[in-house]
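In terms of the numbering used here, the sequence shown opens at residue 390 and continues consecutively.
Just so you know, even glycine gets a beta-carbon here, dropped at the ideal spot from N, CA and C.
Report on one structure; see the data block that follows.
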Amino acid sequence: DKGLDIPEFSIVGYVDEQEFINYNSESHQARPVTQWMEKNEGPEYWERQTQNGKGNEPSFRHNVRTAMSRFNQTGGIHIVQVMYGCELRDDGSTAGYDQFGYDGRDLMSLDTKSWTWIPTMNEAQITTQRWNSPEVREGEIDKNYLENECIDWLKKYIEYGREDLEKRVRPEVKVWGRRQSDGATRLQCLVYGFHPRAVDVKWMKNGVDHVPSDERTPILPHPDGTYQMRVGVEVPTTEEDAYSC
390 DKGLDIPEFS
400 IVGYVDEQEF
410 INYNSESHQA
420 RPVTQWMEKN
430 EGPEYWERQT
440 QNGKGNEPSF
450 RHNVRTAMSR
460 FNQTGGIHIV
470 QVMYGCELRD
480 DGSTAGYDQF
490 GYDGRDLMSL
500 DTKSWTWIPT
510 MNEAQITTQR
520 WNSPEVREGE
530 IDKNYLENEC
540 IDWLKKYIEY
550 GREDLEKRVR
560 PEVKVWGRRQ
570 SDGATRLQCL
580 VYGFHPRAVD
590 VKWMKNGVDH
600 VPSDERTPIL
610 PHPDGTYQMR
620 VGVEVPTTEE
630 DAYSC
């Protein structure tokens, strides 16, 4: 839709939570997002990724039209999303996932035990039956990709970006309070600028007693690759000095 300020089609690649490559239907160009990708891959790689993006555009337009037909829709703005990836664990074992969504809802996903496609909505049954058929065996193709090619690429990307991906940055902390009219104070704790994403933030009373937070934001990314989150709690104003984050 020309009224929306977003590309009709886009691809975004991540290692952990860090975006490292993207492509969209306005630029028609795959491009690096991190310095370590720009430094380690040359023109052949980017041309290959660009052609991959261009090749996927018409098939996703077809996917949207197919989904609209299955849901008996004739107009409006609709979105097909695909999310897939692989995971390399510390013990050397691997895992993978592949799933489709439509208009923000789960549509179908790959069962990585049976390597068959499972419909989450009735409208996906025609597709999953065809993909699971002896003639197509889409799950076996996906299995081979997720267990082999995807892991090979992941290892390569980790090596490229190891210094950046494994950096450790301690969080900054900002605390403030707002007194309410009912003898209570709402305390807020903003923790920001930390990496990696995993963090444990909580309010304490007298430095020992954990106080459950009644307000907690998701962990949100910063453009510089670090993260932030905020937790809030309501306490008696007469005791506010006893609390710390």
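Just to confirm my understanding: we take residue i, look at its own chain, exclude 5 residues before and 5 after, and list those with CB closer than 7 angstroms. What are they?
i	result
Ile608	Arg586, Val588, Tyr616 and Met618
Asn452	Val469
Ala419	Ile410, Tyr412, Trp435, Gln438, Thr439 and Gly442
Lys556	His584
How big is the Cα-Cα spacing for residue i and residue j?
i	j	result
Ile471	Ile515	The sequence shown places Val at residue 471, not Ile. If you take the alpha carbons of Val471 and Ile515, they lie about 18 angstroms apart.
Trp506	Leu499	4 angstroms
Gly485	Ser503	13 angstroms
Val624	His584	30 angstroms
Gly464	Ile530	34 angstroms
Thr627	Ser399	53 angstroms
Thr517	Ala573	55 angstroms
Tyr460	Gln488	For the record, residue 460 in the displayed sequence is Phe; it is not Tyr. Distance between the alpha carbons of Phe460 and Gln488: 18 angstroms.
In the DSSP assignment, find the unbroken alpha helix (DSSP H) run with residue i in it and report its ends.
i	result
Met457	Pro432 to Arg459
Met426	Gln424 to Asn429
Leu554	Cys539 to Leu554
Looking at the unbroken beta strand (DSSP E) that takes in residue i, where does it start and where does it end?
i	result
Trp520	Here Trp520 belongs to no beta strand (DSSP E); instead the alpha helix (DSSP H) covers Gln514 to Trp520.
Glu623	Tyr616 to Pro625
Asp598	Asp598 to Val600
Phe409	Gln407 to Asn413
Tell me the DSSP secondary structure of residue i in three-state form.
i	result
Ile530	helix
Trp504	coil
Ala484	strand
Kindly list the residues whose CB is nearer than 8 angstroms to the CB of residue i, restricted to its own chain and excluding five residues on each side of it in sequence; keep chain order.
i	result
His611	Tyr581, Gly582 and Gln617
Met510	Tyr491, Arg494, Asp495, Leu496 and Met497
Between residue i and the rest of its own chain, which residues show a CB-CB distance below 6 angstroms, the 5 nearest in sequence each way excluded?
i	result
Thr539	According to the sequence shown, residue 539 is Cys rather than Thr. So the qualifying residues of the chain are Cys475.
Lys563	Leu579
| field | At least three beta-carbon pairs within less than 8 angstroms, the stretch 400-407 to the stretch 544-551 | value | yes
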